[in-house]
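Top line first, the protein sequences correspond to chains A and B.
With the numbering used here as the guide, the letters of the first sequence map in order to residues 0 to 319.
With the numbering used here as the guide, the letters of the second sequence map in order to residues 0 to 319.
There are 2 protein chains.
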Amino acid sequence: MSPIAIGIHGGCGTPDRALLPEHDWTQTRAHLADALRSAWDVLAGGGSALDAVESAVAVLEDSPHFNAGHGAALTEAGDHELDASIMDGATTEAGAICAVRRIRNPIRAARAVMERSDCLLIAGDAADRFARQAGLAIVDNGYFTTERRRQALASLKARARRGTIAAASEAERHGTVGAVALDSRGNLAAGTSTGGFNNKPPGRVGDTPIIGAGTYARNGVCAVSCTGQGEIFIRHAVAHDVWARMRYAGETLKQATDAQVFDVLSAYKIGAGLVAVDAAGRVVAPFNTLGMARGWIGPDGAMHVATHKEVERVSVLERA
Amino acid sequence: MSPIAIGIHGGCGTPDRALLPEHDWTQTRAHLADALRSAWDVLAGGGSALDAVESAVAVLEDSPHFNAGHGAALTEAGDHELDASIMDGATTEAGAICAVRRIRNPIRAARAVMERSDCLLIAGDAADRFARQAGLAIVDNGYFTTERRRQALASLKARARRGTIAAASEAERHGTVGAVALDSRGNLAAGTSTGGFNNKPPGRVGDTPIIGAGTYARNGVCAVSCTGQGEIFIRHAVAHDVWARMRYAGETLKQATDAQVFDVLSAYKIGAGLVAVDAAGRVVAPFNTLGMARGWIGPDGAMHVATHKEVERVSVLERA
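Have a look at this one:
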């Protein structure tokens, strides 16, 4: 029986502690723990890495504290366009949707594309229609809006009018959620979901729904979910590159992910982070920003959650 | 001064010779030669690999003999949705559009996204609007339709009604065009454009607009443009994988591309092909189907075009 492990992130755009009331941080950590527990329940019960990833990402999508699902960023036009992808490392099968407006849990739509269509990626209104036909929960676009994102958009538009858009911090703009898992049969999986960034142009698609860029998983090597300025992640096929460094160059998970985040991506002066797990259940979560909401439970069952540099060891869970 | 080279493909879904009148094959070869000449003129005059790729792909888009631009495949709904991407190996900058309906030359829109927006990938109607604002040629969706594609769609729908869809040949379904180039400053570039496949579901996006899957270019290593069943190409990040095998495993261009086409992709029993060039100007064009329209001019100036196994040496061009 393989060791089991789960790793999650809530985006590398975590703002300075002082910018939000303590209550928000407490809730953020609680929702990270909820996502970890839901995935651990799947894995500890002998369930699949794919189910664990879908479950964890859906919990983060439902939380208003992360930029995905409810709480997603607002476009220039003041509405929401969501992207997500999921990959099964056992089969290399994958599914993704981009620029959707009506699907409550985009990660579930990505999985439905993988399992119930001949496509891998479906774009726009057609993906919303596909999800409805697949019986997934459909919501009005306004369901995704929170007061915090509305304020962030207003603030960004005001800065744009004043010509100080460059001063907008990463925290006000980007955000993503994602999960990686290793199950008791040794199968790896990864999934990622996002609202993009605040004030993004309509139709813009980042790395989140791009298999190889924002998400990648292959049994025996690694599963990876990314967060950061998506355009650069696509240009470097970051998630696949982590796999390729391990597979072709013999690097460890830590070497491969540190090289991507701290050498390749940091050279562009962009915010960058990821969570990844290898075939032994080792979880890494490097980031080059002030904070990245994240958490993991390794093969020892110890749950850790964090929003900034400091990591909190929450509890130790049993493997049933 | 670097050697210069151009390689192009018109998709690995080339039908049996007997299925089309000889006049069509003559025209197909003539249009391949036109695309090669247009790119060579750029390169021989000291122009950029990026300009050469854009020029060659635009010629193939304008030809009715290839599944891109005029002559693109029809969706289930009987209209057209086009995808394209381009990448500059000198900077790793890239641009792409997917599921567009009104842009006469999608490859020019991909380049405009790269150079005139903060995005890398724009989807759907928003991409059509972007192209219009960028001053690119806009056409009615019907401009892309040819009688041959209309017949192919009718034939596929008839087969679907009879339940014999699996018998449809690759030739009736897939198709893509692409180009790779090396310029006199040693810069590499790649670009790809497609109508997808006949009878595709609305919103379906394949590997063509996915940087890392259908298109990839990095100076000093290689430029790659792919053709085949896109879903599998995305799962293996084929174009980036060729780069990674050369960069991390020390494989030659021929080793890396043969491994992808004949080992990895052929194992799925799908049609697969690509054209690629390395930093020395060596061009390869492997495919596992009956035919792949293709052509190249290497550093020696000799132009070759082909549609099936046999390669025709057309002429030798001067480097100005």
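Note that CB positions come from ideal geometry on N, CA and C, so glycine has one too.
Interface flag, residue i vs chain B, CB-CB below 8 Å
| i | result |
| --- | --- |
| residue 160(A) | no |
| residue 221(A) | no |
| residue 204(A) | yes |
| residue 230(A) | yes |
| residue 234(A) | yes |
| residue 85(A) | no |
| residue 240(A) | yes |
| residue 243(A) | yes |
| residue 126(A) | yes |
| residue 11(A) | no |
Span of the beta strand (DSSP E), counted from its first residue to its last, around residue i
| i | result |
| --- | --- |
| residue 312(B) | 311-315 |
| residue 251(B) | Here residue 251(B) belongs to no beta strand (DSSP E), and DSSP marks it neither H nor E. |
| residue 100(A) | Element bounds for residue 100(A): n/a, residue is neither H nor E. |
| residue 7(A) | 4-8 |
| residue 293(B) | 293-296 |
| residue 121(B) | 120-122 |
Residue i: contacting residues in chain A (beta-carbon distance under 9 Å)
| i | result |
| --- | --- |
| residue 50(B) | The premise fails here: residue 50(B) is roughly 20 Å from chain A at the closest Cβ pair, so nothing lies under 9 Å. |
| residue 91(B) | 231, 234, 235 |
Residue i beta carbon near the ligand COA (any heavy atom closer than 7 Å)
| i | result |
| --- | --- |
| residue 280(B) | Among the components of this structure there are no ligands whatsoever, and the ligand COA is therefore not found. |
Beta-carbon neighbours of residue i, restricted to chain A and to distances below 8 Å
| i | result |
| --- | --- |
| residue 69(B) | Going along chain A, no residue has its Cβ under 8 Å from residue 69(B), so there is no contact; the nearest lies around 22 Å. |
| residue 121(B) | 200, 202, 203, 204 |
| residue 211(B) | 209, 211, 212, 233, 236, 239 |
Own chain residues within Cβ distance below 6 Å of residue i, not counting five before or after
| i | result |
| --- | --- |
| residue 244(A) | 250, 255 |
| residue 229(A) | 205, 206 |
| residue 276(A) | 4, 6, 179, 181, 222, 282 |
| residue 101(B) | 127, 137 |
| residue 315(A) | 300, 301 |
| residue 87(A) | 49, 188 |
Chain A within 8 Å of residue i, Cβ atoms only
| i | result |
| --- | --- |
| residue 201(B) | yes |
| residue 142(B) | no |
| residue 225(B) | no |
First through last residue of the alpha helix (DSSP H) which encompasses residue i
| i | result |
| --- | --- |
| residue 79(B) | Segment: none, residue 79(B) is in no alpha helix (DSSP H) and carries neither H nor E. |
| residue 187(B) | Where residue 187(B) is concerned, there is no enclosing alpha helix (DSSP H), although the beta strand (DSSP E) it sits in stretches over 187-193. |
| residue 27(B) | 21-43 |
| residue 217(A) | Element bounds for residue 217(A): not the alpha helix (DSSP H) but the beta strand (DSSP E), 214-217. |
| residue 154(A) | 146-161 |
| residue 54(B) | 48-61 |
| residue 272(A) | Run containing residue 272(A): none in the alpha helix (DSSP H); it sits in the beta strand (DSSP E), 271-277. |
Contact set for residue i: own chain, Cβ-Cβ below 7 Å, skip 5 residues either direction
| i | result |
| --- | --- |
| residue 57(B) | 104, 106, 107 |
| residue 26(A) | 64 |
| residue 240(A) | 259 |
| residue 156(A) | 198 |
Under 7 Å from the C-beta of residue i: neighbouring residues of chain B
| i | result |
| --- | --- |
| residue 31(A) | Residues of chain B passing the Cβ test: none, with the nearest at roughly 29 Å. |
| residue 60(A) | The premise fails here: residue 60(A) is roughly 20 Å from chain B at the closest Cβ pair, so nothing lies under 7 Å. |
| residue 97(A) | 122 |
Close Cβ partners of residue i (< 8 Å) along its chain, the five nearest in sequence each way excluded
| i | result |
| --- | --- |
| residue 112(A) | 94, 95, 96, 118, 119, 120, 121, 126, 129 |
| residue 274(A) | 6, 7, 8, 177, 178, 179, 223, 224, 282, 283, 284, 293, 295 |
| residue 353(A) | The structure shown does not extend to residue 353(A), since chain A is modelled only from 0 to 319, so the question has no answer here. |
| residue 23(A) | 64 |
Closer than 9 Å at the beta carbon, the chain B residues around residue i
| i | result |
| --- | --- |
| residue 248(A) | 243, 246, 247, 248 |
C-beta neighbour in chain E for residue i, strict 8 Å
| i | result |
| --- | --- |
| residue 263(B) | The question asks about chain E, but that chain is absent: this structure's protein chains are A and B. |
>> Measuring CB atoms only, is the segment 139-151 of chain B touching the segment 234-245 of chain A, in the sense that at least three cross pairs come out at less than 8 Å?
In response: no
> So does the segment 118-126 of chain A actually touch the segment 189-209 of chain B, counting three or more Cβ pairs closer than 8 Å?
Replying inline: yes
> Are three or more beta carbon pairs between the segment 67-86 of chain B and the segment 190-199 of chain B nearer than 8 Å?
Replying inline: yes
> Touch check for the segment 41-53 of chain A and the segment 11-21 of chain A: three-plus C-beta pairs under 8 Å?
Replying inline: no
>> Can you confirm whether the segment 27-43 of chain B touches the segment 151-160 of chain B when touching is taken to mean that 3 or more C-beta pairs between the two stretches lie within less than 8 Å?
In response: no
> Is the segment 258-276 of chain B touching the segment 291-307 of chain A in the sense that three or more CB pairs, one from each, lie closer than 8 Å?
Replying inline: no
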